[in-house]
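Number of protein chains: 2
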Amino acid sequence: MSDRTDLLADAAIHVVATHGMRGLTHRAVDARAGVPQGSTSAYFRTRKALVEGLVRRLADVETADIDATRLTSQTSDGPPDLDRVAAGVAALLDHWLGAGRDRSLARFACLLEATHHPELRTILAYGDRPRAQARELVAALGSTDPERDGHDLVSFVDGLLFYRLAGGGAAHAPAPGTPESLAELHRAALAALTGVLARRSPAR
Amino acid sequence: MSDRTDLLADAAIHVVATHGMRGLTHRAVDARAGVPQGSTSAYFRTRKALVEGLVRRLADVETADIDATRLTSQTSDGPPDLDRVAAGVAALLDHWLGAGRDRSLARFACLLEATHHPELRTILAYGDRPRAQARELVAALGSTDPERDGHDLVSFVDGLLFYRLAGGGAAHAPAPGTPESLAELHRAALAALTGVLARRSPAR
DNA sequence: ACAGCGATACTACAGCTGTAGAAGGAAGGG
DNA sequence: CCCTTCCTTCTACAGCTGTAGTATCGCTGT
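Sequence lines, in order, name chains A and B.
Each residue of the first sequence is one higher than the last, beginning at 1 in UniProt numbering.
Each residue of the second sequence is one higher than the last, beginning at 1 in UniProt numbering.
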């Protein structure tokens with residue numbers, strides 16, 4: 001994929017994050033990317049192609065993000081520890097809420113879209129990386145059924161993310177990037193992990 | 001609100017569920033509702049009004065749903081029991097995945113939309129009923145901080161719902177309405193409750 | 001220098017969408 | 001019986017969107 005393609009796809013992600021799928025038009029992307037009108041239309045001849053390009057880019061960037069955050073082997077000395085894992089999850093969540101906010105919003109929008117466009121779904125699975133990591137994580141923490149527990153963990157974490165992005169009031173939502181946010185997310189992540197792993201040990 | 005308005009709003013909900021926010025046009029609603037072209041445009045003069053009508057209807061119907069499912073005092077004899085509460089949550093989830101699927105999808109789409117339209121957010125809070133119930137629930141189960149725990153519970157449950165509607169593969173997803181589905185959801189709900197309440201008792 | 005070529009930029013146009021206003025028609029009061 | 005009033009249906013139209021075709025530019029190798 002060329003340089004221009006990525007630039008446009010990134011602009012498209014921002015457009016979706018700020019104006020929703022409805023706002024995603026060739027011209028809006030041109031405007032956002034600061035390129036002459038018609039460029040997006042030239043690179044992505046149809047709207048379907050544009051959406052697919054956007055999703056593909058999303059998958060690329062977020063997969064890299066996830067890989068960069070080695071949750072388990074982070075400072076690989078010592079045995080896996082619930083608290084440390086929760087801190088890792090919290091850091092990732094904080095990133096998705098702060099710097100990665102646009103991408104998170106775009107991702108949720110695309111997931112919804114994927115409901116009636118199965119081909120998007122497979123791209124948005126991110127090569128199974130999130131779930132693989134979740135499995136790895138719960139397995140390391142002693143899960144008796146990593147497949148199921150990993151699945152649950154991902155769903156809880158995504159729920160947390162969605163809820164803070166678009167759901168509840170701002171009651172329990174300190175600004176991302178701050179220590180308070182990290183502490184809050186750490187607590188919530190711990191709750192998620194605890195619930196998921198409850199059938200192994202009665203938790204701390 | 002008149003009879004016609006509700007009919008149109010319901011059609012709009014279905015349109016959003018099947019074609020996304022992007023597919024929500026006056027004419028698409030006309031078609032879906034089986035009314036002559038122009039009707040929707042007459043009842044909801046602008047698109048903004050249409051979306052607001054849709055959201056208001058969503059709030060009405062779903063609030064009724066929630067109120068109908070008295071999770072706590074359901075067969076109010078006996079003390080509140082984690083397992084029984086989980087069963088109640090599972091029943092609600094199953095309803096949202098099955099009969100209420102369209103409404104759930106529309107709700108998520110609107111929540112995303114509400115990110116840049118705050119006035120929708122307040123309507124979609126459903127008069128705080130879901131969170132109030134969650135608070136009530138965790139309080140009855142002995143939470144030391146019902147506000148926070150209720151918040152977490154709602155986010156976990158919504159995550160579960162989103163994930164099964166639009167997220168993961170069909171691995172752990174039996175058809176709604178079946179006993180398997182209820183059992184699966186019961187298990188997941190129990191995990192959510194356990195995690196949220198972990199700091200009170202080390203759970204069953 | 002220049003022909004060829006790929007990448008980029010521009011333009012055209014058909015169809016869709018949002019919106020408003022006019023026309024038609026049933027219900028109720030006098 | 002007719003007039004008024006409200007509800008419903010129809011029509012018009014401006015602007016936006018998706019798409020494809022044409023023009024322009026800059027580089028490459030010869």
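Just so it is clear, CB atoms sit at the ideal spot from N, CA and C, and this is done for glycine as well.
Subject >> Residue from A:89, A:29, A:96 and A:23 whose Cα sits closest to the Cα of residue 166 of chain A >> reply: A:96
Original post:
If contact means a Cβ-Cβ distance below 9 Å, which residues of the segment 151-175 of chain A contact chain B?
Top reply: 151, 152, 154, 155, 156, 157, 158, 159, 160, 161, 162, 163, 164, 165, 166, 167, 168, 169, 171 and 172
**OP:** Under 7 Å between beta-carbons, which chain A residues line up against residue 22 of chain B? List them in chain order, please.
**Re:** 21 and 22
Original post:
How is the alpha helix (DSSP H) around residue 168 of chain B delimited, first residue to last?
Top reply: Careful: residue 168 of chain B lies outside any alpha helix (DSSP H) and carries neither H nor E.
Original post:
Would you call the CB atoms of residue 149 of chain A and residue 155 of chain A closer than 8 Å?
Top reply: no
Subject >> Whole-Å CB distance - residue 93 of chain B paired with residue 160 of chain B, under 8 Å assumed >> reply: 6 Å
Original post:
Taking Cβ-Cβ distances shorter than 9 Å, what residues in chain A pair up with residue 55 of chain B?
Top reply: The contacting residues do not exist; residue 55 of chain B stays about 14 Å from chain A at best.
Subject >> Minimum C-alpha distance to residue 27 of chain A - residue among A:36, A:20 and A:48 >> reply: A:36
Original post:
Thinking C-alpha only, which one of B:194, B:100 and B:189 is nearest residue 191 of chain A?
Top reply: B:194
**OP:** Return helix, strand or coil for residue 107 of chain B, following the three-state DSSP convention.
**Re:** helix
Subject >> Supposed contact pair residue 188 of chain A and residue 152 of chain B - C-beta distance, whole angstroms, cut 8 Å >> reply: 6 Å
Original post:
Is the Cβ-Cβ distance between residue 47 of chain A and residue 6 of chain A less than 8 Å?
Top reply: no
Original post:
Near residue 174 of chain A, what residues of its chain come up, given a Cβ to Cβ distance below 7 Å and the 5 sequence neighbours on each side ignored?
Top reply: 180, 181 and 184
**OP:** Along the alpha helix (DSSP H) that carries residue 83 of chain B, what are the first and last residues, could you check?
**Re:** 82-97
Subject >> Neighbourhood of residue 113 of chain B by C-beta distance below 8 Å, restricted to the same chain and skipping five residues each side >> reply: 21, 51 and 120
Subject >> Simplified DSSP assignment, three categories, for residue 14 of chain A >> reply: helix
Subject >> 8 Å Cβ cutoff, residue 138 of chain B in contact with chain A >> reply: no
Original post:
How about residue 196 of chain B: is its C-beta nearer than 8 Å to some C-beta of chain A?
Top reply: yes
Original post:
Which same chain residues, not among the five before or five after residue 63 of chain A, have their C-beta less than 8 Å away from its C-beta?
Top reply: 126, 127 and 129
Subject >> Chain-ordered neighbours of residue 116 of chain B on chain A, where CB pairs are closer than 8 Å >> reply: 18, 19 and 20
Original post:
chain A partners of residue 192 of chain B, CB-CB under 8 Å?
Top reply: 156 and 195
Subject >> Check whether residue 61 of chain B and residue 103 of chain B have beta carbons under 8 Å apart >> reply: yes
Subject >> Minimum Cβ-Cβ distance from residue 188 of chain B to chain A less than 8 Å >> reply: yes
Original post:
With 16 as the cutoff for other CB atoms within 10 Å, does residue 40 of chain A come out buried or exposed?
Top reply: buried
**OP:** Report, in whole angstroms, the separation of the C-beta atoms of residue 109 of chain A and residue 16 of chain A, which I expect to be a contact under 8 Å.
**Re:** 5 Å
**OP:** Would you mind telling me which residues of chain A sit closer than 8 Å to residue 109 of chain B, beta carbon to beta carbon, in chain order?
**Re:** 112
**OP:** Please confirm whether residue 123 of chain A and residue 59 of chain A have their CB atoms less than 8 Å apart.
**Re:** yes
Original post:
Span of the alpha helix (DSSP H) holding residue 198 of chain A?
Top reply: Run containing residue 198 of chain A: none; DSSP gives neither H nor E here.
Original post:
Exposed or buried, residue 45 of chain A, counting other C-beta atoms within 10 Å across all chains shown (16 or more means buried)?
Top reply: exposed
Original post:
Would DSSP call residue 19 of chain B helix, strand or coil?
Top reply: helix
**OP:** Whole angstroms is fine: what's the gap from residue 116 of chain A's alpha carbon to residue 25 of chain B's?
**Re:** 18 Å
Subject >> Closest residue to residue 196 of chain B among B:4, B:132, B:107 and B:147 (Cα-Cα distance) >> reply: B:147
**OP:** Flag residue 141 of chain A as yes if its beta-carbon sits less than 8 Å from any beta-carbon of chain B, otherwise no.
**Re:** no
Original post:
What does residue 105 of chain B reach in chain A if we use C-beta pairs closer than 8 Å?
Top reply: 112 and 115
**OP:** Using three-state DSSP, classify residue 38 of chain B as helix, strand or coil.
**Re:** coil
Original post:
Alpha carbon to alpha carbon, how far is residue 176 of chain A from residue 90 of chain A?
Top reply: 11 Å
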